[in-house]
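Taking it in order: structure first as structure tokens, then the write-up.
Residue numbers (my numbering): 501 to 617.
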């Protein structure tokens, strides 16, 4: 007697598979990313051109200016004409007692809830 073959039954597809939302959105997302890249490149180019133009003007003015009015070198932040802001303050504006202590606060509090001094 021959061995009985098991018949493999393929499931019948009753519904047409629709593409997932991510598959539909992928081309749009790709287009948006490409557009962003083009805009970013255009902005970088414009900024570079404006920087070169401004650098030329500043260079001409620096050539005409007496030495004491030249801006400080970039290694000295906080001086006039150089961005970088003032030197760091050592006191917290509301504390009155110097810098605020480091830490999350729980280890610096005593049981009644007031700060330890």
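Even for Gly, the Cβ is constructed at its ideal location relative to N, Cα and C. None of these values were measured; they are calculated from a predicted model.
C-alpha gap between residue i and residue j, whole angstroms
{"i": "residue 545", "j": "residue 563", "result": "27 Å"}
{"i": "residue 561", "j": "residue 554", "result": "11 Å"}
{"i": "residue 537", "j": "residue 543", "result": "10 Å"}
{"i": "residue 533", "j": "residue 508", "result": "46 Å"}
{"i": "residue 527", "j": "residue 519", "result": "13 Å"}
{"i": "residue 510", "j": "residue 541", "result": "53 Å"}
{"i": "residue 517", "j": "residue 531", "result": "25 Å"}
{"i": "residue 525", "j": "residue 539", "result": "21 Å"}
Reduced DSSP category for residue i - H, G, I as helix; E, B as strand; rest coil
{"i": "residue 545", "result": "helix"}
{"i": "residue 550", "result": "helix"}
{"i": "residue 529", "result": "helix"}
{"i": "residue 508", "result": "coil"}
{"i": "residue 562", "result": "helix"}
{"i": "residue 534", "result": "helix"}
8 Å Cβ shell around residue i - same chain, five flanking residues per side excluded
{"i": "residue 551", "result": "none"}
Contacts around residue i, its chain only, beta-carbon distance under 6 Å, and the 5 residues preceding and following it disregarded
{"i": "residue 521", "result": "none"}
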